[in-house]
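Numbering (the numbering used here), first residue to last: 92 to 723. Below is one structure, written out as structure tokens, with a few remarks after it.
Listed below in structure tokens is the structure:
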């Protein structure tokens with residue numbers, strides 16, 4: 092049997108003997124170190140050594156695509172590049188990866204390490220290996236999941252300029268796809284099937300638990316979910332924010348599930364949607380169900396420690412978990428929702444006290460942001476996966492993840508643990524200074540800090556929202572103030588217009604007339620607004636200046652204005668204090684900061700104006716007070 096080896100036109104002819112006992116001639120080619128381009132007709136082949144070289148280059152540097160590699164080989168051979176050479180290399184690469192994955196699978200079977208969940212449950216020795224007699228921890232495992240849109244994939248459609256229309260019920264509409272169907276499924280056991288993900292859409296739940304009858308729900312969580320504002324601040328979970336991406340990309344993002352050491356546990360594609368709750372729910376179910384099945388098979392039973400998982404919007408997701416069919420399994424696995432330190436400070440304070448890792452006992456010195464570190468490395472795949480097929484995109488991701496887990500992350504796990512151990516020892520060395528500071532402050536035990544957190548949470552829960560009627564009354568008062576000011580201004584302008592007599596070349600009559608009509612229009616708008624509010628408040632007689640209701644609401648408006656100004660000033664000052672603490676600034680730098688902090692100065696002015704308007708007036712704040720605060 093003859094075939095052309097290596098890359099044509101810089102090719103060579105090689106005679107390959109057909110070995111006895113082999114069903115197909117392709118097996119003889121592979122035994123000779125060649126990868127055929129077709130299953131039956133063997134006219135061209137590429138050496139395994141060449142594909143192995145590219146496989147190593149790609150997994151080390153994913154930015155190296157098939158085409159640049161083919162061009163480099165052509166330059167080495169001194170021949171012109173032809174596009175079909177890239178196709179041949181891609182075919183050979185697919186075959187090479189399939190052989191490698193088949194070998195890995197057979198090895199795992201021989202070792203008894205096969206199964207749908209085995210790799211996920213044994214990915215990280217440090218996190219998941221359990222030893223006899225080891226100390227039980229409050230948090231037995233710390234993991235994290237998050238979504239990233241860098242590895243999105245462009246879908247080939249008939250009309251690239253097709254407009255995207257979103258409908259709340261039907262969802263976004265996209266142009267018809269012209270991609271060929273492919274039965275190949277890439278990604279191995281790293282990817283969760285799209286069908287397993289879609290079944291966790293809320294409309295497909297068989298059981299929906301009511302939170303009102305959940306006796307295990309804490310008062311703090313109930314208060315946060317009823318009055319919290321975190322859900323309104325996060326926009327990555329809203330499909331309307333990704334409507335344009337849906338029209339261009341099929342896989343809009345990918346969702347990864349990592350352990351604290353950045354070992355990949357599982358991942359899935361976000362198909363034509365934003366970061367919906369079905370993705371983390373599917374991840375949680377797949378992992379918890381696999382762990383529960385394994386523990387029951389080994390007779391270990393329910394785990395003692397908590398399974399802490401970090402997520403950007405876990406305050407919202409924890410509410411969804413308690414309502415979903417996953418609730419019982421999550422309670423069995425002792426699921427602990429937490430928020431990483433980087434994203435935690437974008438949540439409101441009540442939410443931080445419940446979910447921020449800084450206040451969760453047992454999470455140690457971890458930041459819960461392993462996904463962000465992982466994405467900085469995995470984003471190198473974006474250049475080649477953007478226009479690949481579904482199969483080859485998943486295959487590329489899986490090959491990269493396999494090398495990342497087994498050759499980089501695993502090799503650095505010992506160093507990771509060692510550095511954390513050194514950092515912990517450094518923290519413990521400062522225990523004496525902390526103890527001294529506690530004694531000077533009159534703090535007897537560390538339990539005082541936890542008491543303070545509890546008291547802070549109770550205080551924040553006591554701050555109820557402004558009642559709807561009071562909000563309407565304040566709005567009504569402000570509209571009335573504007574109306575009375577407009578009426579007064581209109582009276583002055585009308586008198587000026589009626590009494591105006593043109594003298595000289597410059598006639599101001601048209602300008603006064605235009606201003607008069609503008610004020611009339613403003614008056615009509617304000618009257619209409621006041622009438623609407625009077626209907627809502629059931630006000631029979633319009634408030635007038637000096638009346639009892641007018642004075643009470645005026646005081647309420649001024650207090651609300653003062654509180655808003657105070658909160659804004661406090662937020663800016665705290666942010667500056669953190670910046671100056673990190674940079675080790677002193678008073679002379681704070682003085683220089685005065686020239687640049689125009690925002691703070693304007694907020695101070697607004698605060699002082701609101702403070703003076705109160706009765707009795709509140710204390711004014713000067714820039715010297717701010718400088719003294721920063722310098723302490």
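Ideal Cβ placement from N, Cα and C applies to all residues, glycine included. As the structure is a computational prediction, the values presented were derived from the model and not from experiment.
Minimum C-alpha distance to residue i - residue among the options
{"i": "residue 591", "options": "607, 579 and 378", "result": "607"}
{"i": "residue 581", "options": "597, 611 and 571", "result": "611"}
{"i": "residue 653", "options": "274, 694, 281 and 130", "result": "694"}
{"i": "residue 244", "options": "345, 223 and 205", "result": "345"}
{"i": "residue 226", "options": "163, 169, 187 and 396", "result": "396"}
{"i": "residue 487", "options": "153, 137, 461 and 110", "result": "153"}
{"i": "residue 271", "options": "714, 696, 563 and 247", "result": "247"}
{"i": "residue 214", "options": "446, 197, 159 and 496", "result": "496"}
{"i": "residue 127", "options": "190, 505 and 402", "result": "190"}
{"i": "residue 340", "options": "414, 440 and 477", "result": "477"}
{"i": "residue 188", "options": "381, 712 and 145", "result": "145"}
{"i": "residue 449", "options": "432, 462 and 463", "result": "432"}
{"i": "residue 216", "options": "691, 505, 585 and 609", "result": "505"}
{"i": "residue 143", "options": "618, 490, 537 and 544", "result": "490"}
{"i": "residue 706", "options": "642, 586 and 689", "result": "642"}
{"i": "residue 296", "options": "372, 621, 446 and 195", "result": "372"}
{"i": "residue 415", "options": "445, 369 and 384", "result": "369"}
Rounded Cβ spacing between residue i and residue j (contact assumed at less than 8 Å)
{"i": "residue 429", "j": "residue 456", "result": "With a Cβ gap of about 14 Å, residue 429 and residue 456 do not count as contacting."}
{"i": "residue 350", "j": "residue 394", "result": "15 Å between Cβ atoms; not a contact."}
{"i": "residue 108", "j": "residue 119", "result": "7 Å"}
{"i": "residue 355", "j": "residue 281", "result": "6 Å"}
{"i": "residue 237", "j": "residue 347", "result": "7 Å"}
{"i": "residue 648", "j": "residue 565", "result": "5 Å"}
{"i": "residue 43", "j": "residue 588", "result": "The requested residue 43 is not part of the displayed model; the chain covers only 92 to 723."}
{"i": "residue 278", "j": "residue 485", "result": "4 Å"}
{"i": "residue 507", "j": "residue 352", "result": "6 Å"}
Residue i - containing alpha helix (DSSP H), residue span
{"i": "residue 433", "result": "432-435"}
{"i": "residue 344", "result": "Note, residue 344: premise wrong, no alpha helix (DSSP H); beta strand (DSSP E) at 340-350."}
{"i": "residue 526", "result": "522-531"}
{"i": "residue 353", "result": "No alpha helix (DSSP H) contains residue 353, which DSSP labels as neither H nor E."}
{"i": "residue 386", "result": "369-389"}
{"i": "residue 172", "result": "Neither: residue 172 is in no alpha helix (DSSP H) and is coded neither H nor E."}
{"i": "residue 477", "result": "Neither: residue 477 is in no alpha helix (DSSP H) and is coded neither H nor E."}
{"i": "residue 690", "result": "689-704"}
{"i": "residue 626", "result": "600-628"}
{"i": "residue 634", "result": "Counting along the chain, residue 634 falls outside any alpha helix (DSSP H), and DSSP gives it neither H nor E."}
{"i": "residue 573", "result": "559-589"}
{"i": "residue 468", "result": "461-469"}
{"i": "residue 217", "result": "216-219"}
{"i": "residue 274", "result": "Here residue 274 belongs to no alpha helix (DSSP H), and DSSP marks it neither H nor E."}
Through-space distance from residue j to residue i, alpha-carbon basis
{"i": "residue 276", "j": "residue 436", "result": "40 Å"}
{"i": "residue 660", "j": "residue 701", "result": "12 Å"}
{"i": "residue 376", "j": "residue 708", "result": "57 Å"}
{"i": "residue 183", "j": "residue 294", "result": "44 Å"}
{"i": "residue 269", "j": "residue 475", "result": "20 Å"}
{"i": "residue 559", "j": "residue 364", "result": "35 Å"}
{"i": "residue 583", "j": "residue 575", "result": "13 Å"}
{"i": "residue 472", "j": "residue 343", "result": "15 Å"}
{"i": "residue 160", "j": "residue 222", "result": "46 Å"}
{"i": "residue 172", "j": "residue 235", "result": "45 Å"}
{"i": "residue 730", "j": "residue 388", "result": "No answer is possible for residue 730: the residues shown for the chain start at 92 and end at 723."}
{"i": "residue 698", "j": "residue 501", "result": "55 Å"}
{"i": "residue 634", "j": "residue 407", "result": "43 Å"}
{"i": "residue 613", "j": "residue 578", "result": "9 Å"}
{"i": "residue 725", "j": "residue 538", "result": "Since the first residue shown for the chain is 92 and the last is 723, residue 725 is missing from the structure and cannot be characterised."}
{"i": "residue 522", "j": "residue 690", "result": "39 Å"}
{"i": "residue 569", "j": "residue 402", "result": "42 Å"}
{"i": "residue 170", "j": "residue 110", "result": "34 Å"}
{"i": "residue 218", "j": "residue 232", "result": "6 Å"}
{"i": "residue 454", "j": "residue 640", "result": "53 Å"}
{"i": "residue 391", "j": "residue 211", "result": "18 Å"}
{"i": "residue 106", "j": "residue 240", "result": "48 Å"}
{"i": "residue 378", "j": "residue 410", "result": "19 Å"}
{"i": "residue 124", "j": "residue 287", "result": "40 Å"}
{"i": "residue 133", "j": "residue 178", "result": "16 Å"}
N-terminal and C-terminal residue of the beta strand (DSSP E) that residue i is part of
{"i": "residue 400", "result": "397-401"}
{"i": "residue 426", "result": "426-429"}
{"i": "residue 233", "result": "230-239"}
Minimum Cβ-Cβ distance from residue i to chain B less than 9 Å
{"i": "residue 458", "result": "The structure shown has no chain B; it contains just one protein chain."}
At 3 residues or longer, and completely inside the region 107-155: list those beta strand (DSSP E) runs for me, N to C. 125-127 and 136-138
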